[in-house]
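These protein sequences, in sequence, are chains F and U.
The working numbering puts the first residue of the first sequence at 962, with every later residue one more than the last.
The working numbering puts the first residue of the second sequence at 962, with every later residue one more than the last.
Protein chains: 2
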Amino acid sequence: MNNFTFTLDPASRVPLYQQLYAAVVGEIRAGRLRGGERLPSKRSLCRHLGVSRSTVETAYGILCDEGYISSRERSGYFACELFRTPPAPEPPPLPRRSAEPACRIDFSTGDVDTSAFPYASWARLTKEVVYSSPQLLQRGDRQGDEPFRRELCAFLREWRGVSCMPEQIVIGAGVEYLTDLLLQLLPEDAAIALEDPGYTAARRLFELSRRAFVPVRLDAEGMDVQALEDSGAAVAYLTPAHQFPMGMTMPVGRRTRLLKWASEREGRYIVEDDYDGEFRYFSRTIPAMQGLDPGGRVIYIGTFSRSLAPSIRVAYMVLPPPLLDAYLRGFAHSSSTVSRLEQETLRRFIAAGLYGRHLRRMNNLYRRKQALLTEALLRLEGASVSGADAGLHLLLRLEGADAVRVAERAAEQGVRTYPLASYAVRAAVPQDTLVLGFAGLTAETIAEGCRVLAQALAAERANKK
Amino acid sequence: MNNFTFTLDPASRVPLYQQLYAAVVGEIRAGRLRGGERLPSKRSLCRHLGVSRSTVETAYGILCDEGYISSRERSGYFACELFRTPPAPEPPPLPRRSAEPACRIDFSTGDVDTSAFPYASWARLTKEVVYSSPQLLQRGDRQGDEPFRRELCAFLREWRGVSCMPEQIVIGAGVEYLTDLLLQLLPEDAAIALEDPGYTAARRLFELSRRAFVPVRLDAEGMDVQALEDSGAAVAYLTPAHQFPMGMTMPVGRRTRLLKWASEREGRYIVEDDYDGEFRYFSRTIPAMQGLDPGGRVIYIGTFSRSLAPSIRVAYMVLPPPLLDAYLRGFAHSSSTVSRLEQETLRRFIAAGLYGRHLRRMNNLYRRKQALLTEALLRLEGASVSGADAGLHLLLRLEGADAVRVAERAAEQGVRTYPLASYAVRAAVPQDTLVLGFAGLTAETIAEGCRVLAQALAAERANKK
């Protein structure tokens, strides 16, 4: 039986045809059966291996189908030629992910309290939606489903003062995804001004996309308009509701001045990242800048990930007409990145008033946490707090202390805090200030975190003397 | 009462403080109250408008908070300066979306049959998952949750012969999203070879990303290796399971030859888009090319959107170690684009064996549709069918007929078909061939569609004589 040396095992749980298939593949791959060489006829192989004709036929059929062998009429089956790739000299090791050091308490600005997540209504809506319409399983609108955009449009008008049509909204899987999409709509040579200090994730995104960006300094009201003008940037990326990390809310005067800047030259835009726009503690929320803009120069971006749950990846972007036009021309055939079932769940959640109720509840919850934290922090020696009118983080100034050293000392005790300086690119920022997020903490972890901070501060002050 | 001319309406449903707020904003925005001008004192305004002190206090509080007015100690409240932006000369019209012409029956290659969607198990799992763990609401792993990747890894090994570790898998919201991500991991100057004729959506993606790409011709087995070599491309984008649109399955000999091409120079890669890899009708599915690759040169990409439902936006990509390294370095801080609740639902769906069962059912369903369609098509004059061993589309050759004209005639009757020529960039392809998808059609629409095609063909043949 020419070069076939294998045997099959009738006792194995692997079907005989599959054993035969694997054996022939092995012979060919190992080069014992070369390209062009003839295989035994089905009949002789049956006899040789003591298997049924159908076993051989099935195996030969698969081998033909995959191209390991081919049949020539009246002359039988022949092995096809395979090309050998030398295996990598050493199997390249899988790169390791760098693990973050463990900590007990994290004053992270990215965390969210999900303890008040509306489990019951979400589970109910989610289930209802699966059965609601077979159409929902088919491909949806690339911009997001129209009924969802309509509902969201009404919500944004009422809650955030955003003035737009549902046609201007694009739904996408997260703020990063939408920002990346936006970059593809803006002229390639448009440099982008980022707040300095500012949102590190946005900066990273611009770096990754290889877009030119310029850090522009802030004053007490937000981005410095003269510095913006001087930077030559065509687009300004702003967080007016609660500047990250400085925590101020941009007053309407500065907003209108920046809108004027945008209107003064063709192709200028403002990206309004409505970061923390839903959360404001001592008065009602401040309407978005987008609603003040008569000229169509603002791109408004928001998300459900911070207001509802970080694991829900739904964000939205409102495009002014010229960019909408670029989107429709460039992305006419792309697919949405958000499941339609999830879009419909969210639509019903908003329409039933459940989202509004959830936001009110979260505002109360965060206001209480913020008050607890502020109270505890103000007991620290030389401490003052700012940026606490809104949002999920605040600034703690420790008069004269080295914030990096305090943070290091606290980290040794398992408490992570964030020196303000780490968010600055070129800007000079106070070196005695920490940025503290509180959304993910409880009354207990806030108390314990502040206790550790107090120790760290005391040790640092003692060391300095 | 200096320049305040408005009155409030106590009968309105809008609270008085809000009417007052809006009125002052209106005065300032209209320029009737200028920056630096003093507002009436709270007391005099109470008297003038006949409202309570708390109404005025609330309104002034909000105005201060938003920055419309500011208070100076012992001298009262002053309007802040707003900047006026000239409104766009004409409100720019919203660009219209180009509507696709209506059709009764669409032989689209992108459609999917969702009639056999596992509603009951999906609804049950979806609901269970909401309650399963509060942790699922928090931010997840950027690559996709580890338990889901582990389950998917085992599934891909068993069903598609993919050989990888869970650490190599990246989950993302659709094949387009992942391909776009992949482009950011490949060297910027690496030109990409695309099959010609090929997948239009992939080409569009490369155009949008401004990456250099080269169309490379096919022969009967798939991408022509010599033409690929000559193209100077470093990366080849392939659909080996069921080439789109030609419909052939790449035999193992060609697969190994392309793998050898990739191994011959540093930085060469093959992107294996496992398009239609789950669907094969006359033998078992053919294992992925990735599993044949000893050198770590294949990026494997697949999706649940075609096997489960287009509206479910979950796809996966298997990265070889050097690209995984680039991913971990560049995207260490990015967020996942897929809801964790959906990931966990899919994980349970696969783990319970429901996905495998669903795929078997869909294979049977599509095999029947394909047989129906083939049978009907072969009754057409001069017709032959190819590319029908696998996947959700096939090629119909109408010997000597002008496929574009036939498609036009059919479209007049509301039946949309796709001339093969429309998928070619530079390649010479038969002008008498149509690409027909059948997944979204029923027995009735297949029959009716073929009837219209027969008429269109007859009219075209008659016209030609």
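Ideal placement from N, C-alpha and C gives every residue a C-beta, glycine not left out.
Just so it is clear, the structure is predicted and the values come from calculations on it, not from any experiment.
Original post:
Which word fits F:V975, buried or exposed, when buried means at least 16 other C-beta atoms lie within 10 angstroms of its C-beta?
Top reply: Here the question's residue 975 of chain F lines up with position 14 in the first sequence. Exposed: under 16 other Cβ atoms inside 10 Å.
Subject >> U:G992 beta carbon less than 9 Å from that of U:F967 >> reply: As a working mapping, residue 967 of chain U is identified with position 6 in the second sequence. As a working mapping, residue 992 of chain U is identified with position 31 in the second sequence. No. Outside cutoff.
Original post:
Taking Cβ positions only, does U:F1109 come closer than 9 Å to chain F?
Top reply: The sequence position of residue 1109 of chain U within the second sequence is 148, counting from 1. No, because no Cβ of chain F sits closer than 9 Å to the Cβ of U:F1109.
**OP:** Using a threshold of 9 Å, state whether the C-beta atoms of F:A1134 and F:V1275 are closer than that.
**Re:** In the first sequence, counting from the first residue as 1, residue 1134 of chain F sits at position 173. In the first sequence, counting from the first residue as 1, residue 1275 of chain F sits at position 314. A contact, by the Cβ cut-off of 9 Å.
**OP:** Using a Cβ-Cβ cut-off of 9 Å, state whether F:H1294 counts as contacting chain U.
**Re:** Translated into positions along the first sequence, residue 1294 of chain F becomes position 333. Yes, contact with chain U.
Subject >> Partners in chain C for U:M1126, counting only beta-carbon separations shorter than 9 Å >> reply: The structure shown contains no chain C; its protein chains are F and U.
Subject >> Alpha-carbon spacing of U:Q917 relative to U:L1199, whole angstroms >> reply: Residue 917 of chain U lies beyond the stretch modelled for chain U, which goes from 962 to 1426, so this question has no answer here.
Original post:
Along chain F, which residues have their Cβ under 8 Å away from the Cβ of U:F1044?
Top reply: Taking the second sequence and counting its residues from 1, the one referred to as residue 1044 of chain U is at position 83. Per Cβ cutoff of 8 Å: G1214, T1217, R1218, L1220 and K1221.
Subject >> Residues that DSSP places opposite F:V1279 in a beta bridge >> reply: Position 318 of the first sequence holds residue 1279 of chain F. Note: F:V1279 sits in a beta bridge opposite F:I1130 and F:Y1261.
Original post:
Just to check, is the beta-carbon of U:P1048 closer than 8 Å to a non-hydrogen atom of the ligand ADP?
Top reply: Judged by which ligands are present, the structure shown has none, so any question about the ligand ADP falls away.
Original post:
Where do the ends of the beta strand (DSSP E) carrying U:P1176 lie?
Top reply: Looking up residue 1176 of chain U in the second sequence gives position 215. Run containing U:P1176: F1174 to D1180, per the beta strand (DSSP E) assignment.
**OP:** Decide if F:N1424 is buried, meaning its Cβ has at least 16 other Cβ atoms within 10 Å, or exposed.
**Re:** In the first sequence, residue 1424 of chain F corresponds to position 463, counting from 1. Flag for F:N1424 reads exposed.
Original post:
From the beta carbon of F:Q1187, is the nearest beta carbon of chain U less than 9 Å away?
Top reply: Against the first sequence, residue 1187 of chain F aligns to sequence position 226. Not one chain U Cβ lies under 9 Å of F:Q1187.
Original post:
Thinking just about the alpha-carbon of each residue, which of U:I1066, U:L994 and U:P1047 is nearest to the one in U:R965?
Top reply: As a first step, residue 965 of chain U is located in the second sequence; it is residue number 4 there, counting from the start. What sits at residue 965 of chain U in the sequence shown is Phe, not Arg. The shortest C-alpha separation from U:F965 is found at U:L994.
**OP:** Please decide whether F:V1073 counts as near chain U, where near means a Cβ-Cβ distance under 9 Å.
**Re:** The residue you call residue 1073 of chain F lines up with position 112 of the first sequence. Yes, contact with chain U.
Original post:
Where does F:S1224 land, buried or exposed, given buried means 16+ other C-beta within 10 angstroms?
Top reply: Locating residue 1224 of chain F in the first sequence gives position 263, where the first residue counts as 1. Burial call: buried.
Subject >> Backbone secondary structure at F:R1358 - three-state DSSP >> reply: Here residue 1358 of chain F corresponds to residue number 397 of the first sequence, with the count starting at 1. If DSSP states are grouped into helix, strand and coil, F:R1358 belongs with the strands.
Original post:
Which residues, taken in chain order from the stretch 1022-1033 of chain F, show a beta carbon closer than 8 Å to some beta carbon of chain U?
Top reply: G1022, I1023, D1026, E1027, G1028 and Y1029
Original post:
Along chain U, which residues have their Cβ under 8 Å away from the Cβ of F:P1282?
Top reply: Taking the first sequence and counting its residues from 1, the one referred to as residue 1282 of chain F is at position 321. Chain U residues near F:P1282: P1053, P1054, L1055 and P1056.
Subject >> Run of the beta strand (DSSP E) containing U:L1381, from where it starts to where it stops >> reply: Within the second sequence, residue 1381 of chain U is the residue found at index 420, counting from 1. U:L1381 -> no beta strand (DSSP E), and no H or E assigned at all.
Original post:
Between which two residues does the beta strand (DSSP E) carrying F:Y1230 extend?
Top reply: For the purposes of this step, residue 1230 of chain F is taken as residue 269 along the first sequence, with counting starting at 1. Where F:Y1230 is concerned, the enclosing beta strand (DSSP E) stretches over Y1230 to D1234.
Original post:
Looking at the structure shown, is F:M1184 part of a helix, part of a strand, or coil, going by DSSP?
Top reply: Within the first sequence, residue 1184 of chain F is the residue found at index 223, counting from 1. The answer is strand: DSSP assigns F:M1184 an E or B state.
Original post:
Which one or two residues does DSSP pair with F:D1067 in a beta bridge?
Top reply: Taking the first sequence and counting its residues from 1, the one referred to as residue 1067 of chain F is at position 106. F:R1377, per the DSSP bridge assignment.
**OP:** Output yes if chain U places a C-beta closer than 9 Å to the C-beta of F:S1076; else output no.
**Re:** Working through the first sequence from its first residue, we reach residue 1076 of chain F at position 115. Chain U, which has a Cβ nearer than 9 Å to the Cβ of F:S1076, makes this yes.
Original post:
Any chance the stretch 1063-1070 of chain F sits against the stretch 1372-1381 of chain F, with 3 or more Cβ pairs inside 8 Å?
Top reply: yes
Original post:
For U:L1098, which of F:G1401, F:L1189, F:A1364 and F:A1385 has the nearest alpha-carbon?
Top reply: Here residue 1098 of chain U corresponds to residue number 137 of the second sequence, with the count starting at 1. The option with the nearest alpha carbon to U:L1098 is F:G1401.
Subject >> Secondary structure of U:F1078, DSSP reduced to three states >> reply: The residue labelled residue 1078 of chain U in the question sits at position 117 within the second sequence. DSSP places U:F1078 in coil when its eight states are reduced to three.
Original post:
Does any CB atom of chain F fall closer than 9 Å to the CB of U:M962?
Top reply: As a working mapping, residue 962 of chain U is identified with position 1 in the second sequence. Only weak support exists for where U:M962 lies, its pLDDT of 46 falling under 50; the coordinates are left without a value.
**OP:** Quick one: measure Cβ to Cβ for F:S1347 and F:L1355, integer angstroms, because I've assumed they're closer than 8 Å.
**Re:** Looking up residue 1347 of chain F in the first sequence gives position 386. Looking up residue 1355 of chain F in the first sequence gives position 394. Confirmed, about 7 Å.
Subject >> Beta-carbon spacing of U:L1307, U:F1109 below 9 Å >> reply: Reading the second sequence from its first residue, position 346 is the one you call residue 1307 of chain U. Reading the second sequence from its first residue, position 148 is the one you call residue 1109 of chain U. Taking 9 Å as the Cβ cut-off, U:L1307 and U:F1109 qualify as a contacting pair.
Subject >> Contacting residues, own chain, Cβ-Cβ under 8 Å from F:M962 (five flanking each side not counted) >> reply: Within the first sequence, the letter at position 1 stands for residue 962 of chain F. Confidence is the limiting factor: at F:M962 the pLDDT is only 46, short of 50, which leaves the residue's position unreliable and the question unanswerable from this model.
Original post:
Under a Cβ-count criterion, where at least 16 other Cβ atoms within 10 Å of its own Cβ denotes burial, should U:Y1080 be classed as buried or exposed?
Top reply: Counted from its first residue, the second sequence places residue 1080 of chain U at position 119. Exposed.
**OP:** Below 7 Å CB to CB, which residues in the same chain sit around F:T1075 once its five sequence neighbours on both sides are set aside?
**Re:** For this step, residue 1075 of chain F is matched to residue 114 along the first sequence. The residues are A1270.
**OP:** Can you tell me the Cβ-Cβ gap for U:Y1288 and U:V1131, rounded? I've got them flagged as a contact below 8 Å.
**Re:** Stepping through the second sequence from its first residue, residue 1288 of chain U is reached at position 327. Stepping through the second sequence from its first residue, residue 1131 of chain U is reached at position 170. Contact flag correct, Cβ pair sits at about 7 Å.
Original post:
Does the beta carbon of U:D1254 sit closer than 9 Å to a beta carbon anywhere in chain F?
Top reply: Indexing the second sequence from 1 puts residue 1254 of chain U at position 293. Chain F, which has a Cβ nearer than 9 Å to the Cβ of U:D1254, makes this yes.
Original post:
With 16 other CB atoms within 10 Å as the buried threshold, where does U:G1314 fall?
Top reply: Counting from 1 along the second sequence, the entry for residue 1314 of chain U is found at position 353. Its Cβ having fewer than 16 others within 10 Å, U:G1314 is exposed.
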